[in-house]
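Student:
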Amino acid sequence: MRVFVAGASGAIGTSLVPQLVDRGHEVTGTSTSAEKAEHLRALGADPVVLDLLDRAAVRRVVLEAGPDAIVHQATALAELTFSRNFDRTFAKTNKLRTEGTDALLAAAREAGVDRFVAQSFASYRTAREGGPVKTEDDPLDPAPVATTRESNAAMRHLEEVVTDAGGIALRYGIFYGAANDGLIEPVRKRQYPIIGEGGGLVSFIHLDDAAAATVLALEHDGPAIYNIVNDEPAPVREWLPVLANVLGAKPPCHFPAGSRGWSRARPRS
Ligand SMILES: NC(=O)c1ccc[n+]([C@@H]2O[C@H](COP(=O)([O-])OP(=O)(O)OC[C@H]3O[C@@H](n4cnc5c(N)ncnc54)[C@H](OP(=O)(O)O)[C@@H]3O)[C@@H](O)[C@H]2O)c1
32 MRVFVAGASG AIGTSLVPQL VDRGHEVTGT STSAEKAEHL RALGADPVVL
82 DLLDRAAVRR VVLEAGPDAI VHQATALAEL TFSRNFDRTF AKTNKLRTEG
132 TDALLAAARE AGVDRFVAQS FASYRTAREG GPVKTEDDPL DPAPVATTRE
182 SNAAMRHLEE VVTDAGGIAL RYGIFYGAAN DGLIEPVRKR QYPIIGEGGG
232 LVSFIHLDDA AAATVLALEH DGPAIYNIVN DEPAPVREWL PVLANVLGAK
282 PPCHFPAGSR GWSRARPRS
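Position one of the sequence shown corresponds to residue 32 (this note's numbering), numbered consecutively onward.
#1: Would you call the CB atoms of V58 and G38 closer than 8 Å?
#2: Would you mind reading off the limits of the beta strand (DSSP E) that contains L201?
#3: Between the Cα of P170 and the Cα atoms of V48, T157, T179, G161, which residue gives the shortest distance?
#4: Just how far apart, CA to CA, sit T194 and A100?
#5: Could you work out which residue in L135, G97, A210 is closest to D82 when comparing CA atoms only?
#6: Just mark Q222 as buried or exposed, buried being the case when its beta carbon has 16 or more other beta carbons within 10 Å.
#7: In or out: E190 buried (at least 16 other Cβ within 10 Å) or exposed?
#8: For the putative contact between V34 and V102, defined by C-beta atoms under 8 Å, what is the C-beta separation to the nearest angstrom?
#9: May I ask you to list the residues that DSSP assigns as paired with P46?
#10: Indicate, with yes or no, if ligand 1 has a heavy atom lying under 7 Å from the CB of F121.
#11: Enumerate in chain order the residues of its own chain whose CB-to-CB distance from G213 is below 7 Å, with the five nearest sequence positions on each side excluded.
#12: With distances taken Cα to Cα, identify the nearest neighbour of L51 among S64, D77, A65, T63.
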């Protein structure tokens with residue numbers, strides 16, 4: 032298959048491109064920078080410089096590439112500074128998930144591409160009811176925390192338009208394995224707290240496994256939504272102290288549930 036990967040130069044894209052090439056696919060991969068695009072050539076892709084928010088450019092490069100399938104892996108999460116306002120932090124990614132997805136789908140329609148796989152996210156999104164392990168059929172949170180509403184709406188939008196078009200949305204767990212893993216510095220600096228009893232479950236996925244699942248998804252018919260996570264969901268109180276320890280950091284801070292302030296008074300090891 033000829034596969035067009037938007038966001039090929041990112042953490043998952045750079046794992047995905049070689050796996051697609053190994054599987055015998057021809058890959059066109061995008062970056063917003065000419066320098067990173069050249070790196071894509073070394074990985075085996077035909078590089079293209081593209082801003083997914085430039086709808087005319089998206090149309091042009093997709094029609095030029097003439098792919099059989101499109102994979103949307105574009106986010107803007109590198110060098111993020113997390114704040115309490117999640118939506119502000121994720122504003123650009125939200126645009127890539129709404130306007131960017133719409134632009135790619137419009138180009139796909141025009142180019143006659145009927146295979147479309149897009150990146151979504153699994154964690155923190157389901158309704159706060161029922162058991163701790165969630166499937167794709169569990170309802171999404173109808174009332175997300177105020178500062179995450181735009182981000183939740185952007186992921187919903189992506190999933191709706193992709194599946195309406197017959198495509199597949201992959202709800203990845205939290206990635207690990209990236210050289211620029213955004214979790215490392217906050218944990219090192221004790222900025223990632225345990226809230227309450229730390230019972231919130233987190234599902235992770237190694238980037239190579241997420242990429243392997245993406246290759247498989249391309250070989251399946253949609254519409255579908257799949258959770259792409261490992262099989263060891265772990266509560267924050269278990270994995271966070273282990274990660275801090277591995278990084279040589281002090282034990283995580285505790286942040287009382289329902290409180291607005293940090294508590295450094297009761298660190299546990
Ligand atoms: N599920 C998860 O937990 C999850 C999901 C995504 C990312 N992350 C993490 O976030 C960190 C950063 O991710 P990342 O390294 O992949 O960086 P990123 O900044 O999220 O970039 C991802 C891809 O999107 C592309 N992109 C960014 N803006 C674009 C635009 N306007 N138009 C088209 N493409 C655009 C990037 O291209 P260029 O950079 O080449 O311009 C890159 O190819 C990593 O640690 C990663 O593991 C986690």
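The C-beta atom is built at its ideal place from N, Cα and C for all residues, glycine as well.
Tutor: Here's the rundown:
#1: The beta carbons of V58 and G38 sit no closer together than 8 Å.
#2: Following the DSSP letters along the chain, one finds L201 inside the beta strand (DSSP E) bounded by residues 199-203.
#3: Of the residues V48, T157, T179, G161, the one whose Cα lies closest to the Cα of P170 is T157.
#4: The alpha-carbon separation between T194 and A100 amounts to approximately 14 Å.
#5: That would be L135, whose Cα lies nearest to the Cα of D82.
#6: Sixteen is the threshold: since fewer than 16 other Cβ atoms of the shown chains lie within 10 Å of the Cβ of Q222, the residue is exposed.
#7: With 16 or more other Cβ atoms inside 10 Å of its own Cβ, E190 counts as buried.
#8: Contact between V34 and V102 is confirmed by a C-beta separation of about 6 Å, below the 8 Å threshold.
#9: Correcting the residue identity first, residue 46 is Ser in this sequence and not Pro. Its beta-bridge partners do not exist; DSSP assigns none.
#10: No, since every heavy atom of ligand 1 falls outside the 7 Å radius drawn around the Cβ of F121.
#11: Sequence-distant partners of G213 (beyond 5 residues in either direction) whose C-beta falls short of 7 Å from its own C-beta, in its chain, are L108, L111.
#12: Minimum Cα distance to L51 is reached at D77.
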